[in-house]
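**Q** So the sequences go chain by chain: A and B. Going by my numbering, the first residue of the first sequence is number 36, and it counts up by one from there. Going by my numbering, the first residue of the second sequence is number 1467, and it counts up by one from there. Built from N, CA and C at the ideal position, the CB exists for glycine as well. Below is one structure. I have some questions about it.
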Amino acid sequence: MSFIALSLALIFVLIPLVLSKTLKLDLEKDTTIATVRSIIQLFIVGYILKFVFSTESYLYITLMILLMIGAAVQNARKKGAAIQGITWKLIATFIFVELLTQSILLGFGITPRTAQYIIPISGMVIGNSMVLSILFLNRFTAEVEARREETELILSLGGTPRQAIHSSLINAIKASTIPTIESQKTIGLVQLPGMMSGQIIAGADPVQAVQFQLLILFLLLTTATITSTMLGFLSYPALFNKRMQMIRYPHNGS
Amino acid sequence: MSAYDQPIIEFRNVSYSDGKQQIIKQVSGIFPEGKITTLVGPSGAGKTTLFRLCNGLISPDTGDILIHQKPIELYNPIELRRNIGLALQSATMIHGTVLENLSLPLALRGETLSKVQAAELLQVVGLEEDLLHRNVRDLSGGQRQKVSIARTFVNRPKVLLLDEITSSLDRVSQQEIEQLILSINKKYGTSIVWITHNLEQAISIGDYSWVMMAGELIESGKSEILRHPREEKVQRFVKGDIK
């Protein structure tokens, strides 16, 4: 695609801007910021990737992955601010998911050991892991709040924190992974996945594009379940102290 | 309180704050072993918080709580909570049947409650065996309270802390639960501490009574003190001037 063609694509930014102005949606500023940021960020990434691909250095590949993990942690940790040490729990989760998936992919020779494969797949895995952790943390904190009485009941009867939080934990793990599973059921029927579409547009054989897309889908299933489960089991102990009491205990003052 | 009444729970200058306000202020006193102590006071007196302290769900900021003369923090929290049973006014249930709720305390230890044991428990609290498979959603307020007491009783606690368990019930259910608590106390020697807003109930059921106000223990002694309180504040509360 030429730069002139890309410039023409800005028409698709102009349309929402005009609509926003006409209907007084007050979205012009956000739309402009989003457009400018996406142009700058993607071009920076594009040139960095070009450089890393040309060097094929594992050091640069590792640095790229660490950068992705850093950005993902920064995004997700706000959702788990109530959980002590959430930053380290997220770092551990993302690193584990990345190591596990890449070990399987590279260990079994499913994908070549080149930056061209490692970096984009890592991006998808870490990005998905980040979304899952946000979904999980949102749901988990809501579940803990909603089931406080039940949690307290189990503790008061001599249950362990793990037993007391069990329902909240399982519900949050299930709720956060269900969208990944559900979206796979209709994939291809409603819309073509982004990566597959990209490959087809770039001239790849559609069947090969499907093969890669399937690989990514299976990968994302593992990513989703591992992220929620690992983050859940790392997070729940932070809600209790050594005396097996819930931290931030609600009190009714009666 | 008589010298021969051994305390099962003793408070020594206990204070607790939730971070915003002081809920328990320098409370010192005892709950005697094997007796029924009734705990009265206006709302916001800190009565429920005192129960949570006893059950180990929260810890005091200052002061000591002794269970059988041993500081509470020396007990394993799980053992402590099994021995100091807590039944709340809300009678929170887990989703499922009466049997599943009654089985909960044993399930937490990896044990199972037989149907015979469950039926016996229902009998103790005056409920019919055919309720075992009923969903807890379909229970009346009185039945829920009885199931809640039975469930707490599965652990055979040495102390039963009952928080306003009859406040939302009709007179008949109230009397049934009063009889039930008296019989548990007599038959099993369980020490009972009962928060109630019903002064007549506090006098007729209790051996001893505590009157708490704004986080302080104002007066305690034989339940008869509620008929002729010494403290002026308690006199006003008994008359109904303080809600």
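List the residues of chain B that I189(A) touches, going by C-beta distances under 9 angstroms, in chain order.
**A** Within chain B, the residues near I189(A) are I1560, L1570 and L1574.
**Q** Would you kindly work out how many angstroms separate the C-alpha atoms of S1483(B) and G233(A), rounded to a whole number?
**A** In a straight line, the C-alpha of S1483(B) is about 59 angstroms away from that of G233(A).
**Q** Would you say P1543(B) reaches chain A, if we count a Cβ-Cβ gap shorter than 8 angstroms as a contact?
**A** By this cut-off, P1543(B) is an interface position.
**Q** Could you name the residues of chain B that L274(A) contacts, counting a contact when the two beta carbons are closer than 8 angstroms?
**A** Simply none; closest approach about 13 angstroms.
**Q** In angstroms with no decimal places, state the Cα-to-Cα distance between F247(A) and E217(A).
**A** Those two C-alpha atoms are separated by around 20 angstroms.
**Q** For a minimum of 4 consecutive residues, which ranges assigned as the alpha helix (DSSP H) are wholly contained in the stretch 43-98 of chain A?
**A** The qualifying runs are 46-58 and 63-90.
**Q** Near R1478(B), what residues of its chain come up, given a Cβ to Cβ distance below 8 angstroms and the 5 sequence neighbours on each side ignored?
**A** Excluding sequence neighbours, R1478(B) sits near S1494, G1529, D1530, I1531 and L1532.
**Q** At a CB distance below 7 angstroms, what residues from the stretch 1506-1528 of chain B approach chain A? Give them in sequence order.
**A** Listed in sequence order: S1509, G1510, K1513, T1514, T1515, N1521, G1522, L1523, I1524 and S1525.
**Q** Excluding sequence positions up to five away, which residues of its chain have a Cβ less than 8 angstroms from the Cβ of F131(A)?
**A** Same-chain partners within the cutoff: I261 and M265.
**Q** By how many angstroms is the C-alpha of V1625(B) removed from the C-alpha of L188(A)?
**A** C-alpha separation (whole angstroms): 16 angstroms.
**Q** Quick check on V1591(B): does DSSP put it in helix, strand or coil?
**A** Here V1591(B) sits in coil by DSSP.
**Q** So for R183(A), helix, strand or coil by DSSP?
**A** Reduced to three states, the DSSP call for R183(A) is helix.
**Q** Can you tell me where the beta strand (DSSP E) holding E1460(B) begins and where it ends?
**A** The structure shown has nothing for residue 1460(B), since chain B only spans 1467 to 1709.
**Q** With which residues is Q151(A) paired in a DSSP beta bridge?
**A** For Q151(A), which the question treats as bridged, DSSP gives no partner whatsoever.
**Q** Would you say R278(A) lies against chain B (beta-carbon separation less than 8 angstroms)?
**A** Cβ-Cβ to chain B under 8 angstroms: yes for R278(A).
**Q** I want to know whether the stretch 167-174 of chain A touches the stretch 102-122 of chain A - three or more CB-CB distances under 8 angstroms.
**A** Yes, they touch.
**Q** Looking at chain B, is there any beta carbon in it that lies within less than 8 angstroms of the beta carbon of E184(A)?
**A** Yes, its Cβ sits closer than 8 angstroms to a Cβ of chain B.
**Q** Return yes when the Cβ of A1668(B) is within less than 8 angstroms of the Cβ of L1683(B), no when it is not.
**A** No. Outside cutoff.
**Q** What do you reckon, are the CB atoms on T212(A) and S263(A) nearer than 8 angstroms?
**A** The answer is yes: Cβ separation under 8 angstroms.
**Q** Name, going along the chain, the residues of the stretch 198-222 of chain A whose beta-carbon falls closer than 7 angstroms to a beta-carbon of chain B.
**A** Within the stretch 198-222 of chain A, the residues whose Cβ lies closer than 7 angstroms to some Cβ of chain B are Q198, listed in chain order.
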